[in-house]
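Here is the structure we will look at, set down as structure tokens.
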Amino acid sequence: VTLSIVSDTFSRFERLSFVSRRRARVGLGGEHRSRQRAPSTDFVDYRPYQPGDDFRSVDWNIYGRLGSLQVKVTEGRERQDVVLVLDCSNSMACGEPDKLTFAAQLVAALGYVGMARSDAVRIVCLAEAQTRGFGPFGRRSRMPELVSQLAQIAPAGALDVNAGLAAALADAARQPLVVVVSDLLTPAGAAAGLEALQQQQADVVVVHVVSPDELKPSFSGDAELVDAETGAVLDIGVSLETLAAYRTRFAAWLAEREAECTTRGIRYVRTATDRPLAAIMLDDLRQARVLK
Amino acid sequence: MSFLTPIALAALLVPAAIYLVHWLWGSRRRVRVPALFLWADLPQASTGRARRRWPPLTWLLLLQLLAAGLAALALARPATPSDPPRHVALILDASASMQATDVAPTRFDAARARGLDRLAGLQATDLVSVVRAGTNATLLTSGPPDTARDALTAARAGMGGADLREALALASSQVAATPERRGQIVLLTDGAWTAPETAGPLAASVEVVAVGGGSDNQAVTNLAVRIDPSGRAQTAFIELANQADHAVRAPLRLTADGAALDERQVDVAARTRVRLTIPLPIDAHQITARLLGRDSLALDDMVATTAPGGPPRDVLVMGHTSDGLQRALESIAALHLRTADSAAPTDLIVLSGLLPTQLPPGTSPLLLVDPPSSSPRLLGVGLGNGARVQEAHPLLQGLDLAALQSETPTVGGVPGWAHVVLGTVQGPLIMEGRLEGRPVVALTFDSASSGLEKSLAFPLLISNATSFLLAQAESAGATVTPEAFDPAESDIAPRPIPTFPSPTPTTAGRTSDGVSERWQWLLTAALVVLGVEWLVFARRG
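Residue numbers (my numbering), protein chains in the order written: chain A, 154 to 445; chain F, 6 to 546.
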């Protein structure tokens with residue numbers, strides 16, 4: 154794919170950070186709150202001194218005033234494990250602009266946000282043959298490498314979304330934040346895959362990419378429809394009635410996918426490929442509490 | 006509208022075939038969708054495969070049908086009746102009479118204007134040949150009307166007559182070279198010529214465009230000057246002609262060496278000639294006769310000539326001079342004999358009995374009297390023995406040719422530089438020509454031993470020879486006009502226009518039927534439509 158990285162746009166994403174429902178566990182040095190109490194400058198609370206506490210943590214000012222030993226409790230900052238799952242199936246190569254380019258652009262922006270917060274960003278490309286992952290990228294200086302890796306991806310045949318999602322976290326098992334960027338085009342839905350991710354303690358976010366052509370197809374008359382992934386052909390006479398029925402079915406299908414996510418506590422964001430990237434990052438994902 | 010290849014109209018089945026293909030297989034559009042399951046089992050219209058139906062008249066289908074139809078029509082070569090391209094041969098009479106001013110500004114200019122008018126009515130695809138009919142017919146140009154216009158504008162009238170027979174033949178050959186064109190010969194003339202005996206078969210009809218028509222012209226048709234037998238005076242013989250249809254009184258002025266000698270009124274009846282005799286002084290040399298009145302043609306109102314009189318000419322005699330030759334030279338009043346010791350230039354050199362390898366310096370004419378036969382300059386070059394007689398030659402005027410022909414030539418052949426004026430089977434007797442650029446007369450016989458010197462013919466021969474050589478020398482120094490005025494052109498009255506032969510059937514039958522093919526336009530339109538169809542297809546994807 155051909156990525157368009159506009160520095161002015163990306164610079165607006167520098168202050169964003171991921172919102173995770175899991176505590177970061179990758180290690181100290183990040184900017185996310187940790188479950189662990191660790192020596193740091195981030196004061197949390199006082200508690201009475203107990204034998205074994207480090208005398209350096211005793212607040213001697215309070216002892217002088219109150220005569221009791223109180224220990225300062227501080228909180229450590231940890232790095233977040235962020236896994237960006239990109240659907241690279243052939244269906245993603247449809248639409249104008251095509252969904253795969255749009256999704257890769259979005260993944261690059263999300264990766265930039267993670268690296269700006271010193272998160273461990275991994276990218277997983279779901280493809281027909283094998284799932285390909287690269288990363289982690291921990292610093293913003295590795296942004297060119299991430300873009301270079303994304304530029305090499307290409308539509309890779311048919312994809313079983315559920316199987317792909319289930320295998321996406323083979324290398325990351327520390328309660329990661331998983332952002333799935335996909336069109337979710339599978340007849341049975343992606344519930345199984347999403348549940349598999351949740352079973353791996355992942356905090357899952359689904360960014361559902363649709364193209365305007367899918368929402369409102371414009372052709373009519375006799376048509377030979379070709380499935381982008383399977384190559385199956387369907388001869389159809391497309392009338393206004395046909396289009397209306399399609400739109401109804403597609404809207405219902407979209408609602409099903411959203412319900413699949415929300416009922417499982419998965420944050421769901423739907424976006425069209427003609428929407429500006431900045432609007433998605435700064436508005437849509439912030440409203441969905443994916444970014445803050 | 007007709008079709009030159011009507012069988013090609015069968016190609017009109019191609020658009021029908023295109024429509025049939027659309028009818029049978031429809032115009033299904035191939036659409037790539039992300040997932041087919043979303044389209045399955047939707048209520049849909051009947052497809053082309055399911056039910057035969059007339060295909061919708063889309064832009065693509067209409068453009069395809071239109072392009073195919075245009076191409077099929079182009080194959081049939083449609084043609085519309087039209088005038089075939091023409092080939093007009095313009096013959097421009099360039100005779101001297103065309104300079105008559107009875108039509109302003111001249112007949113020639115009027116004829117040229119008529120020719121240009123003809124060119125204005127021609128198409129750029131027509132062909133025009135312009136033939137100038139002077140003393141010789143000349144093809145000025147053959148090309149599109151613009152080229153012919155330039156040639157007509159640059160054409161000039163001449164001083165002689167018009168060889169119309171040759172001009173017609175030339176124009177006819179030009180027209181015949183383009184049988185696919187409708188030919189026409191247009192003769193632009195004043196009609197002041199006698200019809201040619203036969204113009205031969207012509208490739209196109211001849212249209213005569215006449216200009217002018219007057220005959221008011223008087224001319225000096227002849228001027229000759231002779232020395233009186235006494236040798237002390239000269240006489241001018243003048244002939245005037247009145248070509249007008251009415252009598253005129255013509256004022257005549259005679260000048261000698263720039264000074265007026267005589268001026269008189271001469272009455273000349275209609276279409277007659279009058280001869281005048283006017284005495285001249287012996288020293289008069291350049292004589293001019295001029296008509297002072299105004300007439301239509303000014304070219305023939307003045308004639309100039311050189312009189313034999315004038316100041317004596319220096320003659321240098323070299324070699325052995327016989328008594329007879331000495332007496333003959335001394336008897337000519339216009340000559341002054343000189344000796345060889347003077348360094349002054351001479352007007353004439355007489356070489357008697359010698360012909361040196363190195364000719365005397367200067368450009369003076371040479372009179373060779375009995376030159377040595379061994380001289381290399383007299384070697385014959387295979388031009389025959391010179392057995393001929395030019396009775397009208399000035400060298401033989403007034404001579405008894407029988408007496409001369411009894412002489413024995415001293416050379417046997419004719420040298421390359423000479424022309425024989427009088428000769429016998431044994432060889433030339435009198436020759437003239439140019440040797441190293443100077444006029445030469447050679448008398449190749451021994452007049453002393455034959456006794457010719459004692460006869461009256463010898464001094465007369467010497468007189469003729471010296472006069473001829475001096476006239477040759479003077480004419481060589483005068484301005485040479487490219488073309489002499491033809492006295493016959495003084496009669497500017499038009500003659501009846503003859504009837505020219507009709508074009509021969511063979512040549513007329515070769516002209517085109519006159520149709521213009523239109524297939525190029527149809528083919529171009531088909532290509533344009535195909536281009537538009539491609540654009541529409543590319544934009545629809």
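In this text, a Cβ means the ideal position worked out from N, Cα and C, and glycines have one as well. A quick note: this is a predicted structure, and the numbers were derived from the prediction, not measured.
What would DSSP say about residue i, mapped onto helix, strand or coil?
i        : result
F:Ile292 : strand
F:Ala81  : coil
F:Leu14  : helix
F:Ala338 : coil
F:Ala249 : coil
F:Pro4   : Examination of residue 4 of chain F is not possible in this model, given that chain F is present from 6 through 546 alone.
F:Ala200 : coil
F:Val533 : helix
F:Val180 : helix
F:Leu220 : Sequence check: residue 220 of chain F is Ser here, not Leu. Correct three-state label for F:Ser220: coil.
A:Tyr399 : helix
F:Phe542 : helix
A:Leu444 : strand
A:Glu411 : helix
A:Val359 : strand
F:Asp46  : coil
Comparing alpha-carbon positions, which option in the options lies nearest residue i?
i        : options                                   : result
A:Arg295 : A:Asn243, A:Lys225 and A:Gly267           : A:Gly267
A:Glu114 : A:Glu367, A:Leu330, A:Lys369 and A:Val359 : There is no way to answer for residue 114 of chain A, as the model of chain A reaches only from 154 to 445.
A:Thr395 : A:Pro370, A:Ile419 and A:Asp380           : A:Pro370
A:Pro250 : A:Pro365, A:Val332, A:Val422 and A:Gly220 : A:Pro365
A:Ala269 : A:Ala425, A:Ala246 and A:Phe290           : A:Phe290
A:Leu350 : A:Ser242, A:Pro297, A:Ala341 and A:Ala316 : A:Ala316
F:Leu43  : A:Thr254, A:Gly342 and A:Gly220           : A:Gly342
F:His251 : F:Thr277, F:Ile190, F:Arg37 and F:Ala238  : F:Thr277
A:Pro232 : A:Val274, A:Ala425, A:Gly310 and A:Pro340 : Per the sequence shown, residue 232 of chain A should be read as Arg rather than Pro. Among A:Val274, A:Ala425, A:Gly310 and A:Pro340, the Cα nearest to that of A:Arg232 is on A:Val274.
F:Glu522 : F:Ala274, F:Leu25 and F:Ala84             : F:Ala84
F:Pro600 : F:Gly418, F:Gln395 and F:Leu409           : Because chain F is modelled from 6 through 546, residue 600 of chain F falls outside the range shown and cannot be assessed.
F:Val445 : F:Gln189, F:Leu400 and F:Pro508           : F:Leu400
F:Ser102 : F:Pro313, F:Gly205 and F:Val216           : F:Val216
A:Asp388 : A:Asp375, A:Thr155 and A:Ala398           : A:Asp375
F:Gly403 : F:Arg393, F:Asn469 and F:Pro366           : F:Asn469
A:Gly418 : A:Glu367, A:Asp356, A:Asp240 and A:Ala431 : A:Asp356
F:Ala16  : F:Leu70, F:Leu302 and F:Leu144            : F:Leu70
A:Gln223 : A:Phe208, A:Leu237 and A:Val236           : A:Phe208
F:Phe542 : F:Leu373, F:Thr63 and F:Ala116            : F:Thr63
Specify, as a first and last residue, the run of the alpha helix (DSSP H) that residue i falls within.
i        : result
A:Asn315 : Val314 to Ala319
A:Asn214 : Trp213 to Leu219
A:Gln302 : Met296 to Ala304
F:Thr158 : Pro150 to Ala159
F:Pro316 : Unbroken run through F:Pro316: none, as it is neither H nor E.
A:Gln258 : Lys252 to Ala269
F:Ser454 : Ser452 to Ser455
With respect to the beta strand (DSSP E) encompassing residue i, which residues constitute its N-terminal and C-terminal limits?
i        : result
A:Asp161 : Element bounds for A:Asp161: not the beta strand (DSSP E) but the alpha helix (DSSP H), Ser160 to Ser164.
A:Ala385 : Note, A:Ala385: premise wrong, no beta strand (DSSP E); not H, not E.
F:Leu270 : What sits at residue 270 of chain F in the sequence shown is Gln, not Leu. Element bounds for F:Gln270: Ala264 to Val273.
F:Gly428 : Ala423 to Thr429
A:Gln352 : First-last for A:Gln352: Ala344 to Gln352, but that is the alpha helix (DSSP H), not the beta strand (DSSP E).
A:Asp198 : Phe196 to Pro201
A:Asp366 : Here A:Asp366 belongs to no beta strand (DSSP E); instead the alpha helix (DSSP H) covers Pro365 to Leu368.
Would you check whether the ligand NAD has a heavy atom nearer than 6 Å to the C-beta of residue i?
i        : result
F:Ser472 : Ligands are entirely absent from the displayed structure, and the ligand NAD is therefore not among its contents.
Buried or exposed: residue i, going by 16 or more other Cβ atoms within 10 Å of its Cβ?
i        : result
A:Leu169 : buried
F:Gly432 : buried
A:Tyr199 : exposed
F:Ile12  : exposed
F:His27  : buried
A:Lys252 : buried
F:Met6   : exposed
A:Tyr421 : buried
F:Leu448 : buried
F:Ala264 : exposed
F:Pro86  : exposed
Counting only runs of 3+ residues fully inside the segment 359-389 of chain F, write out the beta strand (DSSP E) ranges in chain order.
371-374
Can you list the alpha helix (DSSP H) stretches of 4 or more residues lying completely in the segment 98-146 of chain F, in chain order?
Qualifying alpha helix (DSSP H) stretches, in chain order: 112-125.
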